[in-house]
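Novice: Each number in the working numbering corresponds to the 1-based position in the sequence shown with 825 added.
From the three backbone atoms N, C-alpha and C, an ideal C-beta is built for every residue, glycine too.
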Amino acid sequence: MASQNARADSLSLLLFTLRSGKLMAINLLKVSEIIPCPPLTKLPESHPHVKGVATLRGNSLSVIDLSRAIGERPLADPDGGCLIVTDISRSKQGLHVQAVSKIVHCLSTDIKPPPYGSGSKSFITGVTRVDNTLVQVLDIEKVIHGIAPPPHEVASSELNAEDAAVLAATNILVVDDSQVALQQSVHTLRNLGIECHTARSAKDAINTLLELQGTEREINVVVSDIEMSEMDGYAFTRTLRETPDFQHLYVLLHTSLDSAMNSDKAKDAGANAVLTKFSSPELTDCLIVAARTVAFEER
826 MASQNARADS
836 LSLLLFTLRS
846 GKLMAINLLK
856 VSEIIPCPPL
866 TKLPESHPHV
876 KGVATLRGNS
886 LSVIDLSRAI
896 GERPLADPDG
906 GCLIVTDISR
916 SKQGLHVQAV
926 SKIVHCLSTD
936 IKPPPYGSGS
946 KSFITGVTRV
956 DNTLVQVLDI
966 EKVIHGIAPP
976 PHEVASSELN
986 AEDAAVLAAT
996 NILVVDDSQV
1006 ALQQSVHTLR
1016 NLGIECHTAR
1026 SAKDAINTLL
1036 ELQGTEREIN
1046 VVVSDIEMSE
1056 MDGYAFTRTL
1066 RETPDFQHLY
1076 VLLHTSLDSA
1086 MNSDKAKDAG
1096 ANAVLTKFSS
1106 PELTDCLIVA
1116 ARTVAFEER
């Protein structure tokens, strides 16, 4: 699988700063617009990391105090700065930041995993360098989950005996560099009575595939995030499709980005399906389709 080292996709990052001045980044595809911080209405009993609600073209927008959410000092001017309006995981929110710096273009291979020892409290999924300055890539899913976890959805009661059996016979590998997103997927599977293998990067996923190859636990379904450091989900999928031992795997790309926007690129990479995070019932439905496809092909 030597081709894994040559695979890279381009991406655009929006760079911004908080009070400390250090550069942080978010994938530009997650950003719908950037606006000056408007007047906010504080809601009683709201989460302490929510500054308030703004009205944006007639619609309410929850505004997150990003400094507080990731444990940094508050902005020097609490009413200044600007909002990065994000559109991910089926919801919009405003991130209150000090200032937006610029947009930079890089390769997925330029994004490296966080430094060892960052720990579970870290709110970054990767780091890169821009003009020899370290830039931290924000784990926005973790930020949002800490403030407004998705509602608990249980889909297991909807499973019939046939679906339960075909899922139980499927060996699934979940790949995601966001610990929160990984736990959400694992939780859905466990509610279905299914244990799965996990990996925090495409490199680790490939090692797991190789380790389990030829055993009774050999993987036949891969559920992978798209945005990952070093090798993203598209490059990972293409690598699998070019590797004879793994080109048969069913690949579901599971992303916080709008799946409609990514469906063509996912198809070109060789993915079987793409799904927007996070809906437990929809993930369950996709896994049933995957399990049935694998069972049919193995007959």
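Quick check: Leu886 and Val875, are their CB atoms within less than 8 angstroms of each other?
Specialist: Their beta carbons are not under 8 angstroms apart, which means Leu886 does not touch Val875 by this criterion.
Novice: Just to confirm my understanding: we take Asp904, look at its own chain, exclude 5 residues before and 5 after, and list those with CB closer than 8 angstroms. What are they?
Specialist: Cys862.
Novice: Quick check on the burial criterion: 16 or more other C-beta atoms within 10 angstroms. Buried or exposed for Phe1061?
Specialist: So Phe1061 ends up on the buried side.
Novice: Rounded to the nearest angstrom, what separates Gln923 and Tyr1059 at their Cα positions?
Specialist: Looking at the two C-alpha atoms, the distance is approximately 33 angstroms.
Novice: Quick check on the burial criterion: 16 or more other C-beta atoms within 10 angstroms. Buried or exposed for Glu966?
Specialist: So Glu966 ends up on the buried side.
Novice: Counting along the chain, where does the alpha helix (DSSP H) carrying Ile997 start and finish?
Specialist: Ile997 -> not in any alpha helix (DSSP H); beta strand (DSSP E) instead, spanning 997-1000.
Novice: Give me the Cβ distance between Asn852 and Glu1052, rounded to the nearest whole Å; I'm assuming they're in contact under 8 angstroms.
Specialist: Indeed they touch by this definition, with Cβ atoms about 6 angstroms apart.
Novice: Going residue by residue through the segment 980-1043, where are the continuous alpha helix (DSSP H) segments of at least 4 residues, counting only ones entirely within it?
Specialist: Within the segment 980-1043, the complete alpha helix (DSSP H) runs of at least 4 residues are 986-993, 1004-1016, 1027-1037.
Novice: What beta strand (DSSP E) runs, 3 residues minimum, are completely inside the segment 916-948?
Specialist: The segment 916-948 contains these whole beta strand (DSSP E) runs: 916-922, 924-932.
Novice: Looking only at its chain, what residues have a beta carbon closer than 7 angstroms to the beta carbon of Ala1024, apart from the 5 residues adjacent to it on each side?
Specialist: Taken in chain order, the residues that qualify are Leu998, Val1000, Ala1030, Thr1033.
Novice: Excluding sequence positions up to five away, which residues of its chain have a Cβ less than 6 angstroms from the Cβ of Leu838?
Specialist: Counting only Cβ-Cβ distances below 6 angstroms, and skipping sequence neighbours, we find Ala850, Val929.
Novice: How many Å lie between Thr1118 and Gly919 at the Cα?
Specialist: Distance between the alpha carbons of Thr1118 and Gly919: 40 angstroms.
Novice: Within the continuous alpha helix (DSSP H) that includes Thr1109, where are the two ends?
Specialist: Note, Thr1109: alpha helix (DSSP H), 1105-1122.
Novice: For the pair the segment 1070-1084 and the segment 1038-1050, tell me if three or more CB-CB distances fall below 8 angstroms.
Specialist: Yes, since at least three Cβ pairs between the segment 1070-1084 and the segment 1038-1050 fall closer than 8 angstroms, the two stretches touch.
Novice: Just mark Val979 as buried or exposed, buried being the case when its beta carbon has 16 or more other beta carbons within 10 Å.
Specialist: Legend: pLDDT at Val979 = 48, less than 50; position of this residue unreliable, value from coordinates given subsequently. Flag for Val979 reads exposed.
Novice: Let me know the secondary structure DSSP gives Arg898 once reduced to three states.
Specialist: DSSP places Arg898 in coil when its eight states are reduced to three.
Novice: Out of Arg1015, Phe1071, Val955, which has the shortest C-alpha to C-alpha gap to Leu1035?
Specialist: The residue with the shortest Cα to Cα distance from Leu1035 is Phe1071.
Novice: Among Arg882, Leu908, Leu881, Leu1100, which one has its Cα closest to the Cα of Leu891?
Specialist: Of Arg882, Leu908, Leu881, Leu1100, the residue nearest in Cα terms is Leu908.
Novice: Any C-beta of chain D sitting closer than 8 angstroms to the C-beta of Lys927?
Specialist: Annotation note: the requested chain D is absent from the structure, which comprises a single protein chain.
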